[in-house]
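Data block below; observations after.
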Amino acid sequence: MSGASSWSFREEDAARIGVLLNSLLREANARTALLVDRTGQMLATVGEAPRFDPVAFASLTAADFSANDQLARMLGENEFAALFHQGDKDSLYLADVARRVILVVLFDNRTTLGLVKLRVRGVVAALSTLFTEMFAREALGERRVETGFVGEAEDEIDKLFRN
Amino acid sequence: MSLINYASREINCKLVYYGPGLGGKTTNLEYIYEKVAPASKGKMISLATETERTLFFDFLPVDLGTIRGFKTRFHLYTVPGQVYYNASRKLILKGVDGVIFVGDSQVERMEANIESMQNLYDNMTQHGLDLTRLPFVIQYNKRDLPNAAPLAQLQEALNPGWPVEDPVRQRATPDPNRPEEMLVQEIDGMWLERVPYFEAVALRGDGVFDTLRAISKLVLKTLG
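Chains as they are written, first to last, in the working numbering: chain A, 2 to 164; chain B, 19 to 242.
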């Protein structure tokens, strides 16, 4: 058992993910792909810039997935590996990646759920390999923030968090 | 766990307000939302029942600004306090970087406080997290009420101290917020550590930012 650990997301990770997600969007004819971690933080956004608040979106996505995970267990399932939310114009398809990250695909009536599902399946396997590598790297120990960061952040806290 | 995103140059930390129902967790967030400069806060989300009791969580992102090239943000969450919402409560603790326990000072709520604290330990353990090794502070809310229990009694029940096993940390450490009191001290041959605590009247904002400043700084230290 341990305290919280941090993990990092490097530029080269973002570049590899960008390639995978861009090709997903092209092949599925979807609008936007987002990666959200299970604690509710946005990792990456590819495609059309979302018109919603991404921070709030990430927090609600993680909560949605977690709640559905518990529902799955009540049914005796290990998980619901994917979720689908249907709207009049825009719909969301969410899929689990390596139990740590959620891939969200935003699409409209220019494509079909079937095609999105099919393309997501392929990309989830590639993303899972990538994230598993990233987490293994963290377990070996990673560089943290640079010296001086904590001091400056503390000054900002004193300025911002006051009556 | 805090996430350092080198690609988008962002650092996000998750803080969770925990405690018994109607203890003032949402009130803490509402006060922070009201007082923090508009440019520094995001949208506050409350998943609540129609009677405004927290059903799943409240969420408020607060930006510290860009520090050494990194946009630094705290994600503040509350959990639903009512006993029967434990499944939701447990979910919110996932990936937590720092915990604020909001205790209700009223004598009548002592048992609810103790039960909630025990529930916090249990839920953290189920996530593989050890509360004694994470940034953790306690806020005793509603100090203005006539039926508020004495601080000593609350401390004894909710913050009695846990044994310090690590010899390096077995040294008398004063509480930076109360120089006359100790966070780590030897009592009857045993080293004990208590967590920092704050008195509050969250409805009028007393102690709200003192608590938030303390937990934020403790979390940042874990990044350095």
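All residues carry an ideal CB built from backbone N, CA and C; glycine is no exception.
Local conformation of residue i per DSSP, three classes
{"i": "A:Met2", "result": "Residue placement at A:Met2 cannot be trusted, given a pLDDT of 49 that sits under 50; the coordinates are not used to answer."}
{"i": "B:Val226", "result": "helix"}
{"i": "B:Gln100", "result": "coil"}
{"i": "A:Leu130", "result": "The identity of residue 130 of chain A in the sequence shown is Thr, whereas the question assumes Leu. In this structure, A:Thr130 counts as helix in the three-state DSSP scheme."}
{"i": "B:Ala190", "result": "coil"}
{"i": "B:Gly83", "result": "strand"}
{"i": "A:Phe58", "result": "helix"}
{"i": "B:Tyr24", "result": "coil"}
{"i": "B:Phe216", "result": "strand"}
{"i": "B:Ala166", "result": "strand"}
{"i": "A:Phe10", "result": "strand"}
{"i": "B:Gly116", "result": "strand"}
{"i": "A:Arg111", "result": "coil"}
{"i": "A:Leu35", "result": "strand"}
{"i": "A:Glu153", "result": "helix"}
{"i": "A:Gly19", "result": "helix"}
{"i": "A:Gln87", "result": "coil"}
{"i": "B:Arg257", "result": "The first residue shown for chain B is 19 and the last is 242, placing residue 257 of chain B beyond what the model contains."}
{"i": "B:Ser123", "result": "coil"}
{"i": "B:Pro181", "result": "strand"}
{"i": "B:Gln173", "result": "helix"}
{"i": "A:Asn30", "result": "coil"}
{"i": "B:Gln136", "result": "helix"}
Beta-carbon neighbours of residue i, restricted to chain B and to distances below 9 Å
{"i": "A:Leu44", "result": "Leu21, Asn23, Ala25, Ser26"}
{"i": "A:Ser9", "result": "Leu21, Ile22, Asn23, Tyr24"}
{"i": "A:Ala68", "result": "Phe74, Ala105, Ser106, Leu109"}
{"i": "A:Ala64", "result": "Leu65, Phe74, Phe75, Phe77, Ser106, Leu109, Ile110"}
{"i": "A:Leu61", "result": "Ile63, Leu65, Phe77"}
Residue i classed as buried or exposed, judged by whether at least 16 other C-beta atoms fall within 10 angstroms
{"i": "A:Phe167", "result": "Because chain A is modelled from 2 through 164, residue 167 of chain A falls outside the range shown and cannot be assessed."}
{"i": "B:Tyr36", "result": "buried"}
{"i": "A:Asp86", "result": "The sequence given here has His at residue 86 of chain A, not Asp. When all chains shown are included, A:His86 counts as exposed."}
{"i": "A:Gln71", "result": "exposed"}
{"i": "B:Ala55", "result": "exposed"}
{"i": "B:Gln157", "result": "buried"}
{"i": "A:Met2", "result": "A caution first: A:Met2 carries a pLDDT of 49, below 50, which makes its placement in the model unreliable, though a value can still be read off. Exposed, since its Cβ has fewer than 16 Cβ neighbours within 10 Å."}
{"i": "B:Tyr139", "result": "exposed"}
{"i": "A:Asp159", "result": "exposed"}
{"i": "A:Leu107", "result": "buried"}
{"i": "B:Val117", "result": "buried"}
{"i": "B:Lys48", "result": "One detail in the question is off: residue 48 of chain B reads as Glu in this sequence, not Lys. Buried."}
{"i": "A:Leu114", "result": "exposed"}
{"i": "B:Pro197", "result": "exposed"}
Chain A residues whose Cβ lies nearer than 8 Å to that of residue i
{"i": "B:Gly223", "result": "Asn164"}
{"i": "B:Arg212", "result": "Going along chain A, no residue has its Cβ under 8 Å from B:Arg212, so there is no contact; the nearest lies around 17 Å."}
Residues that residue i contacts on chain B, provided the C-beta gap is smaller than 8 Å
{"i": "A:Ala57", "result": "Gly60, Lys61, Ile63, Phe77, Pro79"}
{"i": "A:Gly149", "result": "Arg86"}
{"i": "A:Val98", "result": "Result: empty, since nearest Cβ-Cβ is about 15 Å, beyond 8 Å."}
{"i": "A:Val146", "result": "Ile22, Ile29, Arg86, Phe88, Leu241, Gly242"}
{"i": "A:Glu12", "result": "Tyr24, Ala25"}
Under 7 Å from the C-beta of residue i: neighbouring residues of chain B
{"i": "A:Arg39", "result": "Lys112, Gly113"}
{"i": "A:Ile103", "result": "Within chain B, no residue comes near A:Ile103; the closest Cβ sits about 12 Å away, beyond 7 Å."}
{"i": "A:Gln15", "result": "Position check: residue 15 of chain A holds Ala in this sequence, whereas Gln was assumed. Going along chain B in sequence order, the residues near A:Ala15 (Cβ under 7 Å) are Ala25."}
{"i": "A:Asp54", "result": "Gly60, Lys61"}
Residues that residue i contacts on chain A, provided the C-beta gap is smaller than 7 Å
{"i": "B:Ala105", "result": "Gln71"}
{"i": "B:Thr69", "result": "Simply none; closest approach about 20 Å."}
{"i": "B:Leu257", "result": "A query on residue 257 of chain B cannot be resolved here, the shown segment of chain B reaching from 19 to 242 and no further."}
{"i": "B:Phe216", "result": "The contacting residues do not exist; B:Phe216 stays about 13 Å from chain A at best."}
{"i": "B:Gly83", "result": "Glu157"}
{"i": "B:Leu230", "result": "Phe162"}
{"i": "B:Val54", "result": "Leu161"}
{"i": "B:Lys235", "result": "Glu155, Ile158"}
Check: residue i C-beta below 8 Å from any heavy atom of the ligand HEM
{"i": "B:Tyr139", "result": "Only the bare structure without any ligand can be found here, which leaves the ligand HEM out of the picture."}
Where residue i meets chain A, residues with beta-carbon distance less than 9 Å
{"i": "B:Lys43", "result": "Those do not exist, as B:Lys43 stays about 16 Å from chain A at its closest Cβ, beyond 9 Å."}
{"i": "B:Lys32", "result": "Ala5, Thr40, Gly41, Gln42"}
{"i": "B:Phe119", "result": "In chain order: nothing, as chain A lies at least about 16 Å away."}
(request) Decide if the segment 93–100 of chain B is in contact with the segment 33–47 of chain B; the criterion is three or more beta carbon pairs, one per stretch, under 8 Å apart. (result) yes
(message) With three or more beta-carbon pairs closer than 8 Å as the criterion, would you say the segment 11–22 of chain A touches the segment 39–58 of chain A?
(response) yes
(message) Pairs of beta-carbons, one from the segment 114–127 of chain B and one from the segment 157–170 of chain B, closer than 8 Å: are there three or more?
(response) yes
(message) So, does the segment 51–59 of chain A touch the segment 80–98 of chain A, judging by three or more C-beta pairs under 8 Å?
(response) no
(request) Inspect the CB distances between the segment 24–34 of chain A and the segment 147–155 of chain A and report whether three or more fall short of 8 Å. (result) no
(message) Between the segment 174–183 of chain B and the segment 224–241 of chain B, can you find at least three pairs of beta-carbon atoms closer than 8 Å?
(response) no
(request) Write down every uninterrupted run of the beta strand (DSSP E) in the segment 30–66 of chain B whose length is 3 residues or greater and which is fully enclosed by it, in chain order. (result) 63–66
(message) Below 8 Å, how does it come out for the segment 59–67 of chain B and the segment 119–139 of chain A: are there three or more Cβ pairs, yes or no?
(response) no
(message) Under 8 Å: do the segment 185–193 of chain B and the segment 201–217 of chain B share three or more Cβ pairs, one atom per stretch?
(response) yes
(request) Tell me, please, whether the segment 26–35 of chain B touches the segment 81–99 of chain B by the rule of three or more beta-carbon pairs shorter than 8 Å. (result) yes
(message) Three or more C-beta pairs under 8 Å: does that hold for the segment 142–161 of chain B against the segment 218–234 of chain B?
(response) yes
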